[in-house]
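Accompanying notes for the structure given below.
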Amino acid sequence: MAYFNLKNVKIQAVAASVPDDVEYTTDYSELFGEEHVKKFIMSTGVQRRFASHRLGVTASDLCCAAAEKILTELNYDRSKVDALIFASSSRDYLQPVTATILQDRLGLSDDCMCYDVPLGCSAYVYGLHLAAMHINSGCRSVLLLAGSTGERLPDGYVPTEIPMLFGNGGSATLLEYDENAEPTYGLLRSIGRDFKMLVSPFSGQRHPFWLMLQQLGYEKACAYRDLFHMEGMDVMRFSLKEVVTMVKDFKERFQCDYDEYEILACHQANKLIISNLARKIKFPLVKIPLSIVDYGNTGCASIPLAICEHYANNNNRTATGKILTCGFGIGLSLGIVGITVEPQNCFSVFKVKERYDDGLRFEDYM
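All residue numbers for the sequence shown refer to my numbering, where the first residue is -11 and numbers rise by one.
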């Protein structure tokens, strides 16, 4: 099993950002009916979300802003950042990786290694493990950037179902070498046999767009290319069986006492899943931040966003920063990691409207 227990890793800071464009679930009452919207809010918990589809900001824009926040607030020596991990499936390009673009935007050294980890809702916990391994293999510090956004939509776009479950967000976590740091420990798992449960089935090379275009026509081909399929009841069962089993195995392996942890920063799938998960693992629901209420399901950004929301909005004079993080979702992929953060360096969630201009123009490639 993929248990790990790594020393010498200090989580120096965490920052999170959202697009500067808010939508309220009740805004869709006229389109979908007031009763339907009320039921949606009751089951998911989502009251509002911050969306990128009008501004056109990407996950990398949000993550870059969060990283810049940390580096500026701490007056951090950028030459010490030896690795940058962009943990997200919301990439800027199919090629190259987004991490190298972020290295340049943040003014990091050419000696900084960069790569993407295109996972979904488990990207943050997997990224913590990777970053900790890099620290233990010689890196002085690592930037872990995790974020999720959707595509920019045309003006006047009218959704066919309530789009409010998924919000957009980005984050940055700075980890550095420290011999006196508390350990980073956890358990990671994968269940590939159930990949069809959460899938964008026609978005890659397995089913190329040009072939769909020939067979289905332009409109249907575009619809299939953008399709995200979720088997809701199976996802619920996965969350309340496989994730619960993983948490129990983690607790047994590391002999954890839930009283030691200030919060469980859990992936914000929806309110129903979170509350049932808390009940099954016997973790106090009051110690699980429900950032989904104000931000929606922000994918891999939901864990660091929940961390920032908790510590930025509470009195931290006696806080230890000892927390659990748990991510699960598309893949299927899941993980739980115990970490210790610096509460005073978990910054308030802030808004971003600036969109990076990469200088690429259609006419330059004609």
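All residues carry an ideal CB built from backbone N, CA and C; glycine is no exception.
_Those runs of the alpha helix (DSSP H) which lie wholly inside the stretch -11 to 69 and span at least 4 residues_ = Entirely contained in the stretch -11 to 69, the alpha helix (DSSP H) runs reaching 4 residues are, in chain order, 17 to 20, 22 to 32 and 47 to 61.
_Please identify the residue among Arg349, Ile29 and Pro292 whose C-alpha is closest to the C-alpha of Gly315._
Pro292
_Beta-carbon within less than 6 Å of Phe216's beta-carbon, same chain only, minus the 5 sequence neighbours each way: which residues are those?_
Ser188
*Using three-state DSSP, classify Lys259 as helix, strand or coil.*
helix
_Span of the beta strand (DSSP E), counted from its first residue to its last, around Tyr173_ = Thr172 to Ser178
*Only counting runs of 4 or more residues, tell me where the alpha helix (DSSP H) segments fall wholly within the stretch 308 to 343, in order along the chain.*
none
*Can you tell which of Ser40, His195 and Leu186 has its C-alpha closest to the C-alpha of Glu219?*
Leu186
*Would you kindly report the start and end of the unbroken alpha helix (DSSP H) that includes Thr161?*
Segment Gly157 to Tyr165 is the beta strand (DSSP E) holding Thr161; no alpha helix (DSSP H) there.
*Where Tyr246 and Ile295 are concerned, what is the direct C-alpha to C-alpha distance, given to the nearest angstrom?*
17 Å
*Are Ala160 and Leu133 closer than 8 Å when you measure CB to CB?*
yes
*Ignoring anything shorter than 3 residues or poking outside the stretch 167 to 252, list the beta strand (DSSP E) runs there in chain order.*
Look at the stretch 167 to 252 and you find these whole runs of beta strand (DSSP E), each 3 residues long or longer: 172 to 178.
*Using a threshold of 8 Å, state whether the C-beta atoms of Tyr114 and Leu50 are closer than that.*
no
_Is the beta carbon of Gly138 closer than 8 Å to that of His41?_
Result yes, Cβ atoms of His41 and Gly138 sit closer than 8 Å.
*Between Pro7, Thr328 and Ser77, which lies nearest to Gly192 when the distance is taken from Cα to Cα?*
For Gly192, the nearest C-alpha among the options comes from Ser77.
_With H, G and I counted as helix, E and B as strand and the rest as coil, what does DSSP make of Met101?_
strand
*Rounded separation between Ile261 and Val34 - CA only*: 13 Å
*What are the start and end residues of the beta strand (DSSP E) that includes Val130?*
Ser129 to Ser136
_Based on DSSP bridge pairs, tell me the residues matched to Ala120._
Note: Ala120 sits in no beta bridge, so no partner.
*Are Val337 and Leu163 close, meaning C-beta to C-beta below 8 Å?*
Not closer than 8 Å, so no.
*Specify the secondary structure class of Leu278 as computed by DSSP and reduced to three states.*
coil
*asked:* Rounded to whole angstroms, what is the Cα-Cα separation between Thr86 and Lys236?
replied: 35 Å
_Please return the same chain residues whose Cβ sits closer than 7 Å to the Cβ of Met224, not counting the five positions on each side in sequence._
Ile261
*If you count every other CB in all the chains shown that lies within 10 Å of the CB of Val274, and 16 or more means buried, which is it?*
exposed
*If you count every other CB in all the chains shown that lies within 10 Å of the CB of Lys27, and 16 or more means buried, which is it?*
Classification of Lys27: exposed, given that the 10 Å Cβ count is below 16.
*When the Cα of Leu278 is compared with those of Leu228, Cys288 and Lys259, which residue comes out closest?*
Lys259
_Cβ-Cβ distance between Pro331 and Asn304 below 8 Å_ = yes
_Applying the 10 Å Cβ sphere with the 16-neighbour rule, what's the burial state of Gln203?_
Under this definition Gln203 is an exposed residue.
_So, with DSSP's three-state summary, where would you put Leu153?_
coil
*Excluding five sequence neighbours on each side, which residues of the same chain lie with their C-beta closer than 8 Å to the C-beta of Glu23?*
none
*Phe350 (DSSP reduced to helix, strand or coil)*: helix
*Where does Cys296 sit, in a helix, a strand or coil, going by DSSP?*
helix
_Let me check understanding here. Comparing Cα to Cα, which of Ile269, Phe74 and Met152 lies closest to Leu118?_
Of the listed residues, the one whose Cα sits closest to Leu118 is Phe74.
*Contact check, Asp104 vs Leu320 under 8 Å by CB: the rounded distance?*
Between Leu320 and Asp104 the Cβ distance is about 20 Å, and since that is not below 8 Å, they are no contact.
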